[in-house]
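Under UniProt numbering, the sequence shown has 72 at position 72, and the numbering climbs by one with no breaks.
No residue lacks a Cβ here, since even glycine has one placed at the ideal position from N, Cα and C.
Before any comments, here is the structure.
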Amino acid sequence: MKNIFQTLRSLECWNGYQADVLENDSEHTFLYFWSVSCGYCKEILPAIQSFYEEVKNQVKVVGVHVPICEEDLDVSGIDKVILSHKIVTPTLLDHHHDLFAIFQMGFLPSFVLIHTSEDVVDKHIGYEHVQDWLAHLHSILAPVKSGN
């Protein structure tokens with residue numbers, strides 16, 4: 001598998017959190033792949049923000065914008081979604097699908113939890129059952145939390 005963290009570092013960061021993306025003291029990184037033109041992606045953003053608030057002290061949470069049409073490359077559209085949804089996590093711009101291709105997800109929204117070893121711990125593709133999957137992640141992360 002291609003170097004995940006090297007690819008993460010190579011992507012442009014929308015909201016100036018590049019240093020934050022590079023500095024990761026967490027054992028896990030949670031990536032959520034979304035796009036401006038994906039209605040389901042925008043619909044699930046509040047749940048992702050809630051998840052972030054719950055795990056921000058134990059997991060690095062990073063959004064990855066993946067364009068699915070030409071209009072999605074317009075940064076002003078990305079700005080609008082990020083600001084209107086009050087996204088506070090770093091948001092990387094994967095304009096060439098470099099990171100998205102590593103995980104071979106194929107659909108948006110997509111989510112992946114990776115370990116610092118770059119092993120995929122768990123992933124979820126699509127909108128359905130995202131809330132259940134996020135709850136499942138809490139059980140995966142619970143031993144990490146209790147171990148601190």
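Beta bridge counterpart(s) of residue i as assigned by DSSP
i	result
residue 110	33 and 125
residue 63	32 and 91
residue 13	92
residue 120	114
Close beta carbons around residue i, own chain, < 7 Å, minus the five adjacent residues each side
i	result
residue 147	Summary for residue 147: the model assigns pLDDT 49, below 50, so the residue's position carries little reliability, and this model does not support an answer.
residue 89	52, 61, 62 and 63
residue 71	37 and 77
residue 115	27, 28 and 121
residue 44	109, 127 and 130
residue 137	113 and 122
Rounded Cβ spacing between residue i and residue j (contact assumed at less than 8 Å)
i	j	result
residue 83	residue 11	Residue 83 to residue 11, Cβ: 20 Å. No contact.
residue 87	residue 49	7 Å
residue 95	residue 67	6 Å
residue 100	residue 33	6 Å
Distance CB(residue i)-CB(residue j) smaller than 8 Å
i	j	result
residue 36	residue 141	no
residue 7	residue 98	yes
residue 41	residue 108	yes
residue 124	residue 111	yes
Neighbourhood of residue i by C-beta distance below 6 Å, restricted to the same chain and skipping five residues each side
i	result
residue 118	4
residue 157	In the structure as shown, the chain begins at 1 and stops at 148. Residue 157 is therefore absent and cannot be evaluated.
residue 69	37
Contacts around residue i, its chain only, beta-carbon distance under 8 Å, and the 5 residues preceding and following it disregarded
i	result
residue 73	67 and 95
task = Could you tell me which uninterrupted alpha helix (DSSP H) segments, each at least 4 residues in length, are contained entirely in the segment 67-99, listed from first to last along the chain?
result = 75-84
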